[in-house]
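Engineer: In our numbering, the protein residues as written are 193 to 579.
Note that the Cβ used here is the ideal one computed from N, Cα and C, for glycine as well.
If you scroll down you'll find the structure; I have some questions about it.
Printed below as a string of structure tokens:
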């Protein structure tokens, strides 16, 4: 994350003082100065304010959250790739963080101080994409009232990120291939040849090799782009990372220093979901929960119905306990529980303690009717002392 600090240069008597106001701290750079003297001069110095990016993360890859083995393998390749100028292609489903990884590669490269130009190839109409990529001269076509620089030219000395590269038709693929091979372009309607010095990073959620077999993607372009392939795993293959991501999004989206926790039952439901939309879907769900819930503890009832009722896989609770150490002690063992088994143990524990559907429901954050139905389902009705 980037934090912008406020730099004030304040002249007091014969000293130059530097005051840094960060998001969290007030630091006086000149240790011989008195804070009182400086504070008196703040209002006089507002005309000297500049913003500097002095809290920039030293490692751009830290913005990518996760500790799973599959993700670490991908990041290892990406970090190696960032030290070269070779073309990189990132494979991954929608929402897995391909753009974020492309940013990290660029910001870790020798081109980090130069432009990173992003192009979503799927969002540009076919009749405009050549002009968008390579630019055009004034009068090149109807509506071209002035010269326009294309994305390749804007990325000069930096990096161009071609997202959803598999969505482009073969005519444009041929022109991109020519630009990469010859390291030069011509604007639409122009005769000037513009030499290029850029790094190519592309991304796709498609199987390009299958597209080649169907004659939908140029094989020669594929080999130009596929120098260093990196595969980003889907979230369903990164179950260990879901808890970390939930914590990250909770902290990111909370306002006014509000503190919210998440119940064990809600956490398990989120970890057990399939997440076809991957990280983007998870982030959207967390935002939705925070907007709709006014409680300090996010319970199972705050989780959308389709997630609460999804039960398609097992989860090893001890792995979650390593991150969320407040899970019930009865689960701190090596056994693998299904969501149904976990649910039964929770209901059973609540009924043993309270002996009432109503009190157990309040303790668990669910309705007494739900407790009643679950007790019947799991054969726990004998634990009811009064209804």
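(1) For the candidate residues 346, 329 and 345, whose alpha-carbon lies nearest to that of residue 338?
(2) Hey, residue 355 and residue 394: beta-carbon distance below 9 angstroms or not?
(3) Please report the Cβ distance between residue 372 and residue 392, rounded to the nearest whole angstrom; I am assuming they are in contact, meaning their Cβ atoms lie under 8 angstroms.
(4) Could you spell out where the alpha helix (DSSP H) holding residue 483 opens and where it closes?
(5) Three-state secondary structure (DSSP) at residue 247?
(6) If we call anything under 9 angstroms between Cβ atoms a contact, is residue 536 one with residue 575?
(7) Do the CB positions of residue 293 and residue 257 come within less than 9 angstroms of each other?
(8) From 489, 269, 475 and 350, pick the residue whose C-alpha is nearest to that of residue 444; which is it?
(9) Pop quiz: residue 418 and residue 281 are said to be a contact at Cβ under 8 angstroms. What is the actual Cβ separation, rounded to whole angstroms?
(10) Suppose contacts are defined by Cβ-Cβ distances below 9 angstroms. Is residue 350 in contact with residue 379 by that definition?
(11) Just to confirm my understanding: we take residue 434, look at its own chain, exclude 5 residues before and 5 after, and list those with CB closer than 6 angstroms. What are they?
(12) Under 9 angstroms, do residue 287 and residue 470 count as touching if we go by C-beta distance?
(13) Are residue 420 and residue 493 touching if we call contact CB-CB under 9 angstroms?
(14) What separation, rounded to the nearest whole angstrom, lies between the Cα atoms of residue 521 and residue 453?
(15) Taking the alpha carbon of residue 383 as the reference point, which residue from 397, 428, 402 and 327 has its own alpha carbon closest?
(16) Thinking C-alpha only, which one of 283, 289, 353 and 336 is nearest residue 308?
(17) Checking 9 angstroms against the spacing of the C-beta atoms, do residue 388 and residue 344 come in under that value?
(18) Evaluate residue 432 with the Cβ neighbour count: other Cβ atoms within 10 Å of its Cβ, from every protein chain shown; 16 or more gives buried, anything less gives exposed.
(19) Taking residue 498 as the reference, which of 465, 424, 459 and 484 has the closest Cα?
(20) How would you write the range of the beta strand (DSSP E) that residue 456 sits in, first residue to last?
(21) In the DSSP assignment, find the unbroken beta strand (DSSP E) run with residue 554 in it and report its ends.
(22) Could you pull out every unbroken alpha helix (DSSP H) segment of at least 4 residues lying fully inside the region 340-365, listed in chain order?
(23) Give, in chain order, every unbroken run of the alpha helix (DSSP H) that is at least 4 residues long and sits entirely within the region 389-443.
(24) Would you identify the three-state DSSP class for residue 531, choosing helix, strand or coil?
(25) How would you call residue 411, buried or exposed, if buried means at least 16 neighbouring beta carbons within 10 angstroms?
(26) Quick one: measure Cβ to Cβ for residue 572 and residue 540, integer angstroms, because I've assumed they're closer than 8 angstroms.
(27) In the DSSP assignment, the beta strand (DSSP E) including residue 376 goes from what residue to what residue?
(28) Report the rounded CA-to-CA distance for residue 482 versus residue 496, giving the unit in angstroms.
(29) Within 10 angstroms of its Cβ, does residue 317 collect 16 or more other Cβ (buried), or is it exposed?
(30) Name the two residues that bound the continuous beta strand (DSSP E) containing residue 312.
(31) Residue range of the alpha helix (DSSP H) that residue 281 falls in?
(32) Rounded to the nearest angstrom, what separates residue 398 and residue 284 at their Cα positions?
(33) For residue 488, which three-state DSSP category applies?
Structural biologist: Looking at the atomic coordinates:
(1) 329
(2) Inclusion of residue 355 and residue 394 in the CB contact set at 9 angstroms is warranted, their separation being smaller than that value.
(3) Cβ-Cβ separation between residue 372 and residue 392: approximately 6 angstroms, consistent with a contact (criterion under 8 angstroms).
(4) It spans 470-484 - the alpha helix (DSSP H) in which residue 483 sits, taken as one unbroken run.
(5) Bear in mind that the predicted position of residue 247 carries a pLDDT of just 38, short of 50, making it too unreliable to give a figure here.
(6) no
(7) no
(8) 475
(9) 5 angstroms
(10) no
(11) 463
(12) yes
(13) No; because the gap between Cβ atoms is not below 9 angstroms, this pair is not in contact.
(14) Its pLDDT being 46, under 50, residue 521 is placed unreliably in this model, and the value from its coordinates should be taken loosely. The alpha-carbon atoms of residue 521 and residue 453 are separated by roughly 19 angstroms.
(15) 327
(16) Residue 353 is the option with its Cα nearest to residue 308.
(17) yes
(18) Residue 432 comes out buried.
(19) 465
(20) Where residue 456 is concerned, there is no enclosing beta strand (DSSP E), although the alpha helix (DSSP H) it sits in stretches over 456-463.
(21) From DSSP, residue 554 is part of no beta strand (DSSP E) but of the alpha helix (DSSP H) over 549-556.
(22) Correct list: 343-346.
(23) 400-405 and 411-417
(24) Three-state DSSP puts residue 531 in a helix.
(25) exposed
(26) 6 angstroms
(27) In the DSSP assignment, residue 376 falls within the beta strand (DSSP E) that extends over 376-378.
(28) Computed Cα separation, rounded: 12 angstroms.
(29) exposed
(30) 308-312
(31) Membership of residue 281 in any alpha helix (DSSP H) is not indicated; the residue belongs instead to the beta strand (DSSP E) covering 280-283.
(32) 8 angstroms
(33) coil
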